[in-house]
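Numbering (our numbering), first residue to last: 20 to 408.
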């Protein structure tokens with residue numbers, strides 16, 4: 020009996036070891052994946068700053084699809100979605116409407132398994148890149164998807180501004196608490212000492228001015244956006260051009276809204292036969308005309324139908340221009356001079372919600388209140404000592 024038990028224990032141990040070995044071995048086998056690299060490096064990436072002293076450049080994102088052995092996959096289709104950081108109502112960014120939305124969505128044909136774009140990142144936080152890789156040739160490899168994370172830190176200059184403003188507000192509150200804590204005796208017919216009345220009047224004026232500044236700045240931004248929208252009523256036909264046997268047509272949304280994706284499409288075909296053309300290189304740029312900044316840049320080739328489609332969000336509420344330049348691929352039989360098409364897109368800005376403005380006012384008031392509490396506490400501790408003396 021003991022003999023059978025011994026063999027049973029041995030067999031159980033062997034089964035357990037084989038299972039563990041298979042699990043460990045399978046976990047060590049690398050799978051197909053997408054490699055992400057950025058330029059500049061991740062630690063040097065900063066969010067978009069409209070009033071920056073130096074012109075900003077978009078971040079270069081390079082996605083490389085590789086197999087289990089680390090070899091680049093060929094003849095791939097890469098679908099990319101860029102999701103902005105999630106909303107945080109208590110710590111909003113410079114573009115609250117952009118939070119928790121899609122920044123870009125596109126399908127790219129990648130003969131060498133590489134997708135490279137330049138994209139301006141508008142706000143701080145953790146961006147998610149949803150990547151789908153599939154073969155252009157049936158059954159060449161198994162399709163797969165991967166989620167990549169890109170964390171953008173806040174501009175350090177914002178922290179300096181925050182410290183300065185917080186110090187000023189605390190100082191004002193401290194002064195107010197000091198004055199109120201050392202209030203004078205009431206004169207006949209007075210509800211409060213004169214120094215307290217003056218302080219409260221000054222604080223009321225400051226609060227009114229802060230509210231006016233916040234609301235006026237929001238209304239100016241909204242009016243700026245509506246002004247852009249009204250100017251878009253001019254006849255701006257989809258840009259197209261026939262040249263050197265090519266017909267290139269750029270079309271899509273001519274009006275866009277901050278926080279939403281705009282549809283854009285490009286068609287390349289033979290002007291004589293109408294057949295789609297694939298052996299051309301397309302250089303696509305989205306330029307914010309107000310600051311003359313390139314916010315999106317991509318160079319690739321059209322798909323089997325001679326099309327290139329993408330959805331893009333224009334986070335800055337200013338007019339944009341889409342430019343596309345078509346050039347022949349190296350070694351292509353079809354040679355021609357570069358052909359350019361362009362289209363204007365009017366963007367409607369959206370003012371931040373009222374609750375976000377009120378949260379900002381709450382923070383300002385809280386700093387003043389903390390300073391005032393400190394001033395009152397100092398005066399409260401100082402008064403008994405003065406009476407004793």
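C-beta atoms are modelled at their ideal positions from N, C-alpha and C, and glycine is treated no differently.
| Check | Outcome |
| --- | --- |
| C-beta atoms of residue 55 and residue 122 nearer than 8 Å | no |
| Reduced DSSP category for residue 399 - H, G, I as helix; E, B as strand; rest coil | helix |
| Selection from 390, 368, 311, 299 that minimises the alpha carbon distance to residue 355 | 299 |
| C-beta atoms of residue 156 and residue 163 nearer than 8 Å | no |
| Residue 109 in three-state terms, based on DSSP | coil |
| DSSP three-state assignment for residue 172, whether helix, strand or coil | coil |
| The segment 118-135 touching the segment 87-96, judged by at least three CB pairs closer than 8 Å | yes |
| Outcome for residue 401 when other beta-carbon atoms lying within 10 angstroms are tallied against a minimum of 16 | exposed |
| Limits of the unbroken beta strand (DSSP E) element including residue 347 | 339-347 |
| For residue 279, the residue or residues it bridges with in DSSP | In DSSP, residue 279 forms no bridge with anything. |
| C-alpha gap between residue 76 and residue 396, whole angstroms | 50 Å |
| Residue 372 to residue 181 span [Cα, whole Å] | 22 Å |
| Check whether residue 150 and residue 169 have beta carbons under 8 Å apart | no |
| Residue range of the unbroken beta strand (DSSP E) whose run includes residue 52 | 52-58 |
| Among 296, 134, 116, 319, nearest to residue 84 - alpha-carbon criterion | 134 |
| Residue 342 beta carbon less than 8 Å from that of residue 306 | yes |
| Through-space distance from residue 174 to residue 183, alpha-carbon basis | 15 Å |
| 8 Å Cβ cutoff, residue 147 in contact with chain D | Reference to chain D is not applicable here, since this structure consists of a single protein chain. |
| Burial state of residue 138, where buried means 16 or more other Cβ atoms lie within 10 Å | buried |
| Inter-residue Cα distance where the pair is residue 323 and residue 378 | 51 Å |
| In DSSP terms, what residue 126 is bridged to | 98 |
| Residue 53 versus residue 81: straight-line alpha-carbon distance, rounded | 10 Å |
| Host beta strand (DSSP E) of residue 83 (start-end) | 78-85 |
| Spatial distance of residue 389 from residue 193 (CA atoms) | 8 Å |
| Extent of the continuous beta strand (DSSP E) run through residue 307 | 299-307 |
| Selected residue, minimal CA-CA separation from residue 106, among 118, 312, 302 | 118 |
| Same chain, Cβ closer than 7 Å to residue 1, five either side skipped, listed in chain order | Nothing can be reported for residue 1, as the shown portion of the chain is limited to 20 through 408. |
| Residue range of the unbroken beta strand (DSSP E) whose run includes residue 75 | No beta strand (DSSP E) holds residue 75; DSSP gives it neither H nor E. |
| Sequence-distant residues of the same chain with beta carbon closer than 7 Å to residue 392, five excluded per side | 196 |
| Residue 124 vs residue 280 beta-carbon contact at 8 Å | yes |
| Residue 365 - partner residues in DSSP beta bridges | 274 |
| Residue burial classification, residue 357 (beta-carbon count within 10 angstroms, cutoff 16) | exposed |
| Cβ neighbour criterion (16 or more within 10 Å) applied to residue 252 | With a pLDDT of 40 at residue 252, under the threshold of 50, the modelled position of this residue cannot be trusted, and the question is left open. |
| Residue 325 vs residue 287 beta-carbon contact at 8 Å | yes |
| Per-residue DSSP class, three states only, for residue 185 | helix |
| Buried or exposed (CB count within 10 angstroms, at least 16 for buried), residue 104 | buried |
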